[in-house]
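*Asks:* I have a structure here, written as C-alpha cells, and I will follow up with some questions on it.
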Amino acid sequence: MLYPWLKIPYQEIISCLKFNTSCTVLLQSNSGCGIKKLYCAIIKQIFCKCKKDTIHYNFCLNCQLLSENRHPDLYDFSKYAILNKQIGIDIIREICEKIFYPPYYGDVKIILIQNLELLTNQAMHALLKTIEEPSKKTYFILGCKKINYILPTILSRSKIWNIFIKTSDSLQWLNDQGYTELKKTKIILNLCYGAPIFAKKMLSSNFWEIRKKMILILKKIFLKQASFFHLFESCQKIEIFFIFINSFIIDTIRYKSNIFLNIINIDCIKIVEYMSKICSICFLYQQWDFWLNFKKLNSEISGINKEIFLIKTILAWNNLIQDIK
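Offset between the sequence shown (1-based) and the numbering used here: plus 101.
What follows is the structure in C-alpha cells.
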C-alpha cells in the first residue's frame, strides 16, 4: 500500500511508462518518505501480466517471483551497495551486459539502482553508455537523495520526479496514525527534517519523555547547576544527545538570523533566546560543522570512536558556560 504522498507520482510515472518501450526514470527523495514502496509498485506494475489500468492483482508468475525476491529480469543493485558501500564499474558492466540477452519471462527487463550516488565516477559513466544505447524494453529505475552528485548527462536522459512531501500532508498522515497532539507532532516532524516515517518511529518511542528531561537539565546548565555531561547521562545515547543539542544549534542560528518561521523547538523559545545571547555565530557554526562531520564519519566508518566526539562537544559547551559572567 502506497503512502498518500506517493500516489500522484506513481500515477504520473505509470502513465509515462505506457508510452515508452525503453525509459529511464529518476526519483529524487529524502530519507524517511517510504520511497522503497514506490519502487516496488512501479516494478510490479511493469512486470504484472494481469493488470487493468494501474491496478495490479498478485495472480501472475511475475508477481509471484517479485514477492519471493527472485525475478530473473529484475537487476537490483541494492545488495551490492550494502556489501561494498560503493558500486564499481565492474559490477555495472557485468549487469549491463546481461540486459542485452532476451528476458526470461515476457519481454521486459528492469535495472533498479536506488542509491545512484554510490556509483563511482567510472561506474556512472559506464551506466550512462548503457542508458544512451539501451536494449529494447529495458527500463532503468534510478533513485538518489542528492541530485547534484549525479552526472548532468544522466539527468538529461532521465525523466525526473522530485518526491516532495508537504508538511500538511505529513501532519495529516501522522494524525491518521493516532498522533493527534499537534504541537508535539510538529516538533518531532521538524526534528526528523519533515520525514513522516521517521517521525512516526520517534513518536512511538520514549523520545518525548527523554526530551522533557533533557530540557530541564539544559535549563539547569545555563543556571550553572549542572554540566553538559549530566545532559548526556539523561539520554545515555550519543545519537540522541547530538540530535537534541543540534536542534537547538540550528534554532539559535535561525533566531540570530531573524528566521523565526522554521524554529524546531517551538516550545522552548526562551532557551533559544538565551542561547542566541551567549553563543557567537562562529561558535554555533563550529558546533554545527562538528555535528555534520560526526554524522558523516559515523555513517561511513564502522566502529568509529563516538566518545571522542562526545567529550569534545561537552568540553566546548562547558567552557562556554563557565565563561559566562
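For every residue, glycine included, the Cβ atom is placed at its ideal position computed from N, Cα and C. This one's a predicted model, so the numbers in the text were calculated from it and none came from an experiment.
Buried or exposed, going by whether 16 or more other CB atoms sit within 10 Å of the CB of threonine 155?
*Replies:* Residue placement at threonine 155 is flagged as unreliable, the pLDDT there being 46, under the threshold of 50; a coordinate-derived value is accordingly withheld.
*Asks:* Given this structure, state the Cα-to-Cα distance separating phenylalanine 342 from phenylalanine 265, to the nearest angstrom.
*Replies:* 28 Å
*Asks:* What are the start and end residues of the alpha helix (DSSP H) that includes tyrosine 140?
*Replies:* 136-148
*Asks:* Tell me where the alpha helix (DSSP H) around asparagine 347 begins and ends.
*Replies:* 339-357
*Asks:* Going by DSSP, what residue range makes up the alpha helix (DSSP H) through aspartate 177?
*Replies:* Counting along the chain, aspartate 177 falls outside any alpha helix (DSSP H), though it belongs to the beta strand (DSSP E) covering 175-177.
*Asks:* Distance check for isoleucine 143 and valine 126, CA to CA, integer angstroms please.
*Replies:* 10 Å
*Asks:* Any idea which residues DSSP pairs threonine 281 with across the strands?
*Replies:* Per DSSP, none; premise fails for threonine 281.
*Asks:* Starting from phenylalanine 395 and walking both ways along the alpha helix (DSSP H), at which residues does that stretch end?
*Replies:* 382-401 is the extent of the alpha helix (DSSP H) around phenylalanine 395.
*Asks:* Helix, strand or coil for leucine 252, going by three-state DSSP, please let me know.
*Replies:* Leucine 252 falls in the coil class under three-state DSSP.
*Asks:* Report all residues from its chain with a CB closer than 7 Å to the CB of isoleucine 114; omit the five preceding and five following residues, and keep chain order.
*Replies:* Val126, Ile143, Trp262
*Asks:* Using CA coordinates, which residue listed in Tyr202, Ile322, Cys164 is at the minimum distance from tyrosine 375?
*Replies:* Ile322
*Asks:* Do glycine 135 and isoleucine 293 have their beta-carbon atoms positioned less than 8 Å apart in this structure?
*Replies:* Correcting the residue identity first, residue 293 is cysteine in this sequence and not isoleucine. Not in contact: cysteine 293 and glycine 135 (Cβ atoms no closer than 8 Å).
*Asks:* Between the segment 349-368 and the segment 377-389, do at least 3 Cβ pairs fall closer than 8 Å?
*Replies:* yes
*Asks:* Do you know offhand how far glutamine 387's Cα is from glutamine 273's?
*Replies:* 36 Å
*Asks:* Can you name the start and end residues of the alpha helix (DSSP H) that asparagine 366 belongs to?
*Replies:* First-last for asparagine 366: undefined, no H or E at that position.
*Asks:* If the criterion is Cβ atoms closer than 8 Å, does the pair leucine 175 and isoleucine 232 meet it?
*Replies:* no
*Asks:* Phenylalanine 391: which of Asn363, Gln423, Ile364, Ile344 sits nearest, CA to CA?
*Replies:* Ile344
*Asks:* For isoleucine 364, is the classification buried or exposed, using 16 other Cβ atoms within 10 angstroms of its Cβ as the cut-off for buried?
*Replies:* buried
*Asks:* Using a 10 Å radius around the Cβ and a threshold of 16 neighbouring Cβ atoms, would you call isoleucine 309 buried or exposed?
*Replies:* It should be pointed out that residue 309 corresponds to tryptophan in this sequence rather than to isoleucine. By the 10 Å Cβ count, tryptophan 309 comes out exposed.
*Asks:* So, isoleucine 430 versus aspartate 368, is the Cβ gap smaller than 8 Å?
*Replies:* As displayed, the chain neither begins before 102 nor continues past 426, which places residue 430 out of reach and without an answer.
*Asks:* To the nearest angstrom, report how far apart lysine 108 and aspartate 424 are at their CA atoms.
*Replies:* 54 Å
*Asks:* Excluding the five sequence neighbours on either side, which residues of its own chain have a C-beta within less than 6 Å of the C-beta of proline 204, listed in chain order?
*Replies:* Excluding positions up to five away in sequence, the list reads Asp174, Lys210.
*Asks:* Suppose you measure from the CA of leucine 217 to the CA of asparagine 291; what does that come to, to the nearest Å?
*Replies:* Their backbone Cα atoms lie some 27 Å apart in a straight line.
*Asks:* Given this structure, state the Cα-to-Cα distance separating alanine 327 from asparagine 406, to the nearest angstrom.
*Replies:* 25 Å
*Asks:* Helix or strand or just coil, what does DSSP make of valine 209?
*Replies:* If DSSP states are grouped into helix, strand and coil, valine 209 belongs with coil.
*Asks:* Hey, alanine 296 and asparagine 131 are a contact pair by Cβ (cut 8 Å); roughly how many whole angstroms apart?
*Replies:* 6 Å
*Asks:* In whole angstroms, give me the CA-to-CA distance for isoleucine 248 and leucine 324.
*Replies:* 45 Å
*Asks:* Count the other CB atoms within 10 Å of the CB of leucine 228; is the residue buried (16 or more) or exposed (fewer)?
*Replies:* With 16 or more Cβ atoms within 10 Å of its Cβ, leucine 228 is classed as buried.
*Asks:* Return the CA-CA distance between threonine 239 and tryptophan 418, expressed in angstroms with no decimal places.
*Replies:* 55 Å
*Asks:* Could you give the uninterrupted runs of the alpha helix (DSSP H) lying entirely in the segment 293-334, keeping only those of 4 residues or more?
*Replies:* 297-304, 308-323, 329-334
*Asks:* Does threonine 477 pass the burial test, meaning 16 or more other C-beta atoms within 10 Å, or should it be called exposed?
*Replies:* In this structure the chain extends from 102 to 426, so residue 477 is not present and cannot be described.
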